[in-house]
Amino acid sequence: VGALLLSEAYDLLGQPYPGTAGLQPKDLNLAGFYERVGAAVHRANPHLLLIYWDSVGHGPRAKFSITRRPAVPKRVYGFEFYSSRWYPQGLRRLRRFVQRGHGWGHPVSIGDFTAFNYTRRESGLDYPATWRSQTHSVLRWAKRHGVGWNISGEVDEKLAVILREWR
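So that you can map any letter, position 9 of the sequence shown is 9 in the numbering used here, and since no number is skipped, the others follow by simple counting.
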């Protein structure tokens with residue numbers, strides 16, 4: 001059905017790997033990468049939906065990893081959505097991505113949503129007591145704004161009940 005062109009595309013920007021000090025989004029040229037790889041994948045299978053992921057750092061001056069709109073055929077603009085709370089930080093972050101993707105005229109999808117770490121609890125990560133209501137809020141907002149989503153991690157019956165409401 002679809003292919004994610006590159007997972008963790010921004011990792012070189014967010015991790016202190018040797019030789020990456022001072023690396024900026026323009027240095028990665030992710031738009032050019034997605035165009036080249038997307039064209040090759042599309043030639044091999046023109047029926048696939050091509051998903052390309054973006055990221056943005058934290059803080060008011062944070063930059064997106066993709067510096068321009070990539071020309072990718074049959075594309076979906078996606079991003080990971082990790083947040084410890086929905087309001088106001090999560091909502092603000094989600095709006096930035098959605099405005100960007102829709103501004104480019106691309107469908108938008110949340111990749112790797114963990115229901116505020118609830119699906120990662122087996123890894124020892126804390127999740128808020130309000131994870132259920134916050135998850136409902138995210139999925140309601142996504143539906144209202146035409147945003148797709150997927151869950152990353154272990155789904156138990158508590159989460160499945162919520163997800164069935166929003167499928």
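Backbone N, C-alpha and C fix where the C-beta goes; we use that ideal spot for every residue, glycine too.
Computed from a prediction, not measured in an experiment: that's the story for all the values here.
Nearest to residue i (by Cα), restricted to the options the options
i, options, result
"T114", "H136, V72, V98 and A71", "H136"
"R132", "G148, N29, W86 and R93", "W86"
"A142", "T20, P107 and A44", "P107"
"L4", "D112, H145, F116 and T130", "D112"
"L30", "A44, E8 and F81", "E8"
"R100", "R140, G153, H145 and Q89", "H145"
"F33", "G19, P46 and Y10", "Y10"
"R140", "D126, E157 and L91", "L91"
"R103", "R69, G124 and R120", "For the sequence presented, residue 103 should be read as Gly rather than Arg. Nearest of R69, G124 and R120 to G103, Cα basis: R69."
"L152", "F81, T130 and G105", "Just to set this straight, residue 152 is Ser in the shown sequence, not Leu. Closest by alpha carbon: F81."
"D156", "T130, L125, R120 and G14", "R120"
"G2", "Q15, V161 and N45", "N45"
Counterpart residues of residue i in DSSP-defined beta bridges
i, result
"F81", "F113"
"L49", "G2"
"I151", "F113"
"D54", "F79"
"V108", "Y77 and V147"
Contact under 8 Å by Cβ, residue i with residue j
i, j, result
"L163", "Y118", "no"
"R96", "V56", "yes"
"W166", "I110", "no"
"E35", "A71", "yes"
"P128", "S84", "yes"
"V98", "V147", "yes"
"Q89", "F116", "no"
Residue i, enclosing alpha helix (DSSP H) - first and last residue
i, result
"A40", "L30 to A44"
"G19", "Segment: none, G19 is in no alpha helix (DSSP H) and carries neither H nor E."
"E165", "E157 to W166"
"K143", "W131 to R144"
"D11", "D11 to G14"
"V98", "L91 to G103"
beta-carbon residue i near the ligand SAH non-hydrogen atom, thresh 7 Å
i, result
"A9", "Of the ligands one can find in the structure shown there are none, so the ligand SAH has no counterpart to examine."
The stretch 63-72 in contact with the stretch 17-33 per 3-pair CB rule at 8 Å: yes
Cβ contact check for the stretch 69-79 and the stretch 48-55: 3 or more pairs under 8 Å: yes
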